[in-house]
Each structure stands twice: as structure tokens, then as C-alpha cells.
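The sequence shown begins at 1 in UniProt numbering and counts up one residue at a time.
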Amino acid sequence: MLPPLTADDRERYSRHLLIPGVGEEGQRKLKASSVLLIGTGGLGCPAALYLAAAGVGRIGLVDPDTVDRSNLQRQILHGESWVGKPKLESAAARLRELSPHVHLDLYPEMFTPDNAEAIARPYDVIVDGTDNFPTRFLSNDVSFFLKKPNVYGSIFRFDGQMTVFAPHLGGPCYRCMLPELPADGAVPSCNEAGVLGVLPGIIGSLQAMEAIKLLLGIGEVPLGKLTCYDALCSSFRTLTLRCDPACKLCGDHPSIDSIRNPETLASTSCSMNPELPAISAEELKRRLDSGFEGILVDVREPDEYAAASIPGSCLIPLGSFDDSINELPRDREILIHCKSGRRSARAVQSLLDAGFSNVLNVTGGIDAWQKLP
């Protein structure tokens, strides 16, 4: 039985009650519904705000991080007074101010194969606001096995994407679109490539809209339709996604029978290989100040290099690095850096695989360099 609406509910959601397809019954459905948001970052913030404002009765939030000042440009649940404090506490305070009657479940932990099913099981819809591939695979896989709609979103600089993955409703899954986990560092994160602050507000709001449609049972669910937004061109377009008969998860002959698989387990091992030869930013500075005679290579993108660079470095973007290996001298020391150390780790590994021996990765990249006194 659906819960009744209180007098406060009728006042608060009066504009919803006027809408055919929502009305009192729809508002009661929202009050009885539940949504899990994985991440309270750029996508999760606007999605959580609109879901709470719409009257969704129970919202789960998963996020182990604390608020960083660099988050405030786009993560609109958080404010200056919350810098350094847990994101979940900041998010809960804002959501309860917006909608005092919302029931919040807070999970201040990583979403991993060990806890994903237990966390996701009680919710009607899963909204994926993650920013890394292993957790997206995990979000997809747990949604598949629990038969929950997965509202997917992603952002990059000026571009965003959104769709609903739900094989149990007849649509494809995330693995139909991306069958394999990209190599670590192959695709820069928002921390590395940047993102316009308004963009996640647009995509996260679209995710909230699709979650609400699913909960109400109205409209057309975009199964097999990937909405792509280009902010610079002010344009939306739709790409068709098809169910892949060869998909390892939802295809005709699936080989994945658990959320514990190579793609999802990568979420605990996606950092740099600790066995790679490395040098700290502090040691790099000492070497440069004392007359370094080797080569310092920056593998970031040209626009990143133009914005900030380490004096004496030369630019070889990671995308063209393998083609440039033979141009690098084997008789000189080569130090490689990027923004945080992940892309440069890939370049170091490529040189080691090619037979280079005197190669070091700059731990922490230019981020660590810029923090030096």
C-alpha cells in the first residue's frame, strides 16, 4: 500500500499534483520509492538534489571522500564550510534542509565487489555518478544481477552522456557499449582533463529525470539510446546502443556469473604499479637545481602543458608516446611526469618494455611539483 500524503506533502508537491501522469498517486509512488546514488560528486550532487526535492522517500548515498576546495566549482551539494569534512555529512545536511522528511542511508565507504550487492539490494533504481571505469563496471554488473535499472552518466570537459542500462527491461548493459576495461591512464579523468562546472549539473539532472520516470512508470525509458550533449555546440544528439549478442554479461553465451570479475576487481588495483622505478617531486627539484643532464618528458595534453609546465620539460602526449619511443636516447636518464603520475606510469612501462633501463616516473606529477615550497 502506498503511503498517504500529509498536508505538508500536498503543499510542497502541489505543482506535481497538477500534472497528469503524476498527481496524487504518482507522488505517493515517489514517497514509497528508493534510489541509490553511487557518488556525491559532480553528477551525484544535482541528481540527489532533484530526487530529494521531487519527494523520493529514501535515498542512499555512497561516497568515502572528503570535500576538497576544487570540488566546489561543480559539486553543488557542498560549500566552503565543508572543505576537509566528509562529503556524505555535507550532502546529508543540504538534502535534509531541502527535504526534511527524506530518509537518507549513508555509506561512507568505497563501492566494491565485497559490499555492492548488500548496499544496492534495497533500492528500486541505481544512479551511477562514478568517475572511474572499474566502479562503472561494478555498478552495471550489480544492477544486472539484481535486475535494477542503472541510470548512467558521464562527463568530460564540455561533453556529457546519459542513458539507462537495463537488460531485464529489454535494453543493453554498459558492457554492450564498452566491452573491455580501458588501460589504466588511457582516458584522462576529470581531475586530469578538467570539466566545465555547469556540465555535470545538466547530465546529473537528466539522470534524476530518468530515475523519476522509472519510479513513476511514465514516459519512454531510453533503453538503447545514448543521449550525448555538446555544450560548445549547444546540441543534443541520440546514438543507438544495441544489445551485444557476444556480451560477456548479458549476451547469448555469458561468461560472467558474478560481480567479482577482472573489470570490477580492478577497482582495488587501479593505482600505479608500486614496482615501477620512481622519483619524488622533491628529488626531481633537487636534480634539476643541480644541473640535470637527462631528459624530462611531460606526457600530458598540449592544453595542459600550455597552462602549466615544469621548466626544462619536453612535451610528448601519451597518445603519441609509443610512436616516439625510438626517438628517445637510450644513453641518457629519462624522467617522465604527467598531472598525477598515472599516465606517466604507462609511459614508463612502455619504455621498460622497449628495453630502456634508466627511466623514472615522477610520483604525484605536476600536482606534487606545484605544491613544493
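C-beta: ideal position from N, C-alpha, C; glycine also.
Hey, quick one: how far does the alpha helix (DSSP H) through residue i stretch, first residue to last?
i	result
K285	281-289
R237	Taken as a continuous stretch (DSSP letters only), R237 belongs to no alpha helix (DSSP H), being part of the beta strand (DSSP E) at 235-240.
I366	365-370
V142	133-146
I202	199-216
A308	Note, A308: premise wrong, no alpha helix (DSSP H); not H, not E.
E117	116-120
D322	321-324
Counting only the same chain and skipping the five closest in sequence on each side, list residues whose C-beta sits under 6 Å from that of residue i.
i	result
G201	P46
S313	L296, D298
Y13	Q27, G55
G42	R74, Q75, P200
G364	A281, G341
A118	none
Y152	D128, T163, F165
G171	L223, G224
E97	none
In its own chain, which residues sit with a C-beta less than 8 Å from the C-beta of residue i, not counting the 5 before and 5 after it?
i	result
P254	C247, K248
W369	A281, L284, K285, I310, H337, V362
C228	D159, G160, Q161, F236, R237, T238, L239
L372	A281, E282, K285
D367	K339, S340
S269	Caution applies to S269, whose pLDDT of 39 falls short of 50 and renders its modelled position unreliable; the value that the coordinates give is listed next. So the list is empty, once near-sequence residues are dropped.
D322	S350
L215	K29, L30, S33, V35, V56, D124, V125
When you compare each of the options to residue i by their alpha carbons, which one comes out closest?
i	options	result
P64	D141, I38, L328	I38
A87	P100, P108, P149	According to the sequence provided, residue 87 is Lys. The question's Ala does not apply to it. Comparing Cα-Cα distances from K87 to each of P100, P108, P149, the minimum goes to P108.
E333	D68, E293, Q75, R157	E293
E275	S205, R346, E180, R96	R346
A211	S290, L36, E24, D252	L36
L315	N326, R330, H337, D331	H337
S357	P311, P277, K285	P277
G84	R94, E97, V67, A93	V67
T130	G204, E117, P100	G204
R175	A208, L138, G160, L199	L138
A120	F144, P100, S70, L98	F144
P113	E263, I279, R300	E263
P3	L241, E25, T227	E25
L196	P149, L95, S154	S154
Q207	L51, W82, D367	L51
C173	P182, N140, K147, G194	N140
A53	S99, L17, V62	S99
D124	R242, D323, K29, P20	K29
L241	K225, C250, D230, A231	K225
G209	T6, G44, M1, T40	A quick correction: the sequence has Met, not Gly, at residue 209. Residue G44 is the option with its Cα nearest to M209.
P179	P134, G194, R15, E220	P134
E304	G194, T6, F321	G194
On the DSSP letters alone, give me the boundaries of the beta strand (DSSP E) that residue i sits inside.
i	result
I155	150-156
D159	159-165
I336	334-337
L360	359-362
I295	295-298
V35	34-38
Using the three-state DSSP reduction, which class does residue i fall into: helix, strand or coil?
i	result
M272	Only weak support is given to the placement of M272: the predicted model assigns it a pLDDT of 49, under 50, and the question is left unresolved by the model.
Y229	strand
C173	coil
I126	strand
Y13	coil
V221	coil
L354	Checking the sequence shown, residue 354 turns out to be Ala, not Leu. Of the three classes helix, strand and coil, the one that applies to A354 here is coil, per DSSP.
V195	strand
A246	coil
L315	strand
L30	helix
L18	coil
L265	helix
Return the chain-ordered list of same chain residues with a C-beta closer than 7 Å to the C-beta of residue i, the five sequence neighbours on each side being excluded.
i	result
H103	G57, R58
L352	V359
A116	L138, V142, I259
W82	V67, S90
A266	P134, L181
R136	D128, T130, Y174
>> Please give the ranges of any beta strand (DSSP E) in the region 42-104, keeping only runs that are unbroken, at least 3 residues long and fully inside the region.
In response: Within the region 42-104, the complete beta strand (DSSP E) segments of 3 residues or longer fall at 58-62, listed in chain order.
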